[in-house]
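Residue numbers (my numbering): 6 to 283.
Just so it is clear, CB atoms sit at the ideal spot from N, CA and C, and this is done for glycine as well.
What follows is a single structure, written as structure tokens, with notes after it.
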Ligand SMILES: Cc1cc2nc3c(=O)[nH]c(=O)nc-3n(C[C@H](O)[C@H](O)[C@H](O)COP(=O)(O)OP(=O)(O)OC[C@H]3O[C@@H](n4cnc5c(N)ncnc54)[C@H](O)[C@@H]3O)c2cc1C
């Protein structure tokens with residue numbers, strides 16, 4: 006899985022499947038059930054820390070499900086494997102906007118929905134009308150009012166696969182969106198250019214506080230464990246400075262959490278999804 010995650014660590018999965026289309030995915034699900042093999046969908050692995058012993062079960066990549074379409078004047082439906090920026094650009098070309106804040110968030114629509122990815126106080130699910138899920142082998146539609154979600158959080162059932170999302174956008178001048186995209190990408194180039202593989206912010210911001218400030222206050226900027234390091238550029242980014250293992254990240258994360266708790270009494274919670282055999 007080190008080949009499929011931005012942290013570039015993690016042991017192998019038993020199976021890595023890239024279904025061609027809906028029928029192929031349905032057949033795969035039938036096969037997995039018959040084999041009694043658990044599964045997990047992933048996007049581009051920008052928020053995943055896979056343990057060194059890997060994953061017992063199947064990883065399903067929806068990279069071939071990447072269609073984006075206009076469903077009415079201001080609604081756009083995007084399949085889970087579409088890139089965030091591709092979605093923003095598609096909307097922009099049709100005079101729609103309001104989700105420019107996801108343009109610079111690396112990954113897919115499915116990953117963004119699962120994480121309620123966001124920036125500058127925005128979350129993608131605030132702009133989402135409904136989700137198409139593959140649950141218990143059936144394609145089901147859910148309006149956001151039926152689902153529980155919050156900051157970097159969406160409650161789903163284990164095994165749910167997000168197939169697509171419907172976004173309600175605003176009519177918006179293409180130039181305005183261009184300016185929003187440009188500002189976002191520029192800000193990220195200056196703040197997120199940490200020079201090493203990362204998964205973005207490793208910890209969630211505790212209510213009303215910035216995780217990076219707490220990490221700095223605990224004196225952890227630049228701290229290393231094996232090949233894992235608290236970035237010198239952005240202290241909420243844990244980076245692979247070369248040859249890191251997943252265990253290096255887990256140990257460094259525990260060190261950071263401990264130091265922050267000792268100095269500020271706050272328990273940090275990982276934003277990065279930690280998966281695989283313990
Ligand atoms: C440099 C950098 C900057 C970043 N900046 C931000 C930021 O500003 N804001 C932010 O929120 N995040 C940020 N991130 C984190 C990351 O980009 C987001 O969490 C992104 O949404 C992950 O998308 P992905 O497609 O890579 O998902 P993955 O990492 O592949 O998956 C994330 C989770 O979603 C699940 N998942 C993915 N697809 C599906 C699906 N189709 N069905 C069911 N479950 C699914 C996975 O199982 C996993 O639990 C940043 C990361 C990096 C490296």
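Not one heavy atom of ligand 1 falls within 6 angstroms of the beta-carbon of residue 132.
Classified as buried, residue 233 has 16 or more neighbouring CB atoms from the shown chains inside 10 Å of its CB. For residue 221, the enclosing alpha helix (DSSP H) begins and ends at 216-222. Counting only the Cα atoms, residue 150 lies some 20 angstroms from residue 84. Annotated three-state conformation of residue 177 is coil, per DSSP.
Within 10 angstroms of the beta-carbon of residue 111 lie 16 or more other beta-carbons, which makes it buried. In the displayed model, residue 237 falls within coil according to three-state DSSP, outside both helix and strand. Taken through DSSP and simplified to helix, strand or coil, residue 182 comes out as helix.
Going by beta carbons, residue 276 and residue 206 fall inside the 7 angstroms limit. Counting only residues of its own chain and dropping the five nearest sequence neighbours on each side, residue 158 has a CB closer than 7 angstroms to the CB of 121.
The criterion of a C-beta distance shorter than 7 angstroms is satisfied by residue 246 and residue 201.
The beta carbon of residue 59 is closer than 7 angstroms to those of 6, 15, 16, 17, 18, 281 and 282 in its chain, skipping five residues each way along the sequence. In the DSSP secondary-structure assignment, residue 243 is bridged to 235. Judged by DSSP secondary structure, residue 147 falls within the beta strand (DSSP E) whose first and last residues are 143-148. Pairing residue 68 with residue 86 gives a Cβ-Cβ distance under 7 angstroms. At least one heavy atom of ligand 1 sits closer than 6 angstroms to the Cβ of residue 203. In this structure, ligand 1 has a non-hydrogen atom nearer than 6 angstroms to the beta-carbon of residue 113.
For residue 268, the enclosing alpha helix (DSSP H) begins and ends at 251-269.
Partner residues in the beta bridge of residue 44, as assigned by DSSP, are 63. Here the distance from the Cβ of residue 45 to the nearest heavy atom of ligand 1 is below 6 angstroms.
For residue 116, the enclosing alpha helix (DSSP H) starts and ends at 114-120. Residue 114 and residue 89 have their C-alpha atoms spaced approximately 6 angstroms apart. If you look at residue 199, you'll find it isn't in any alpha helix (DSSP H); DSSP assigns it neither H nor E.
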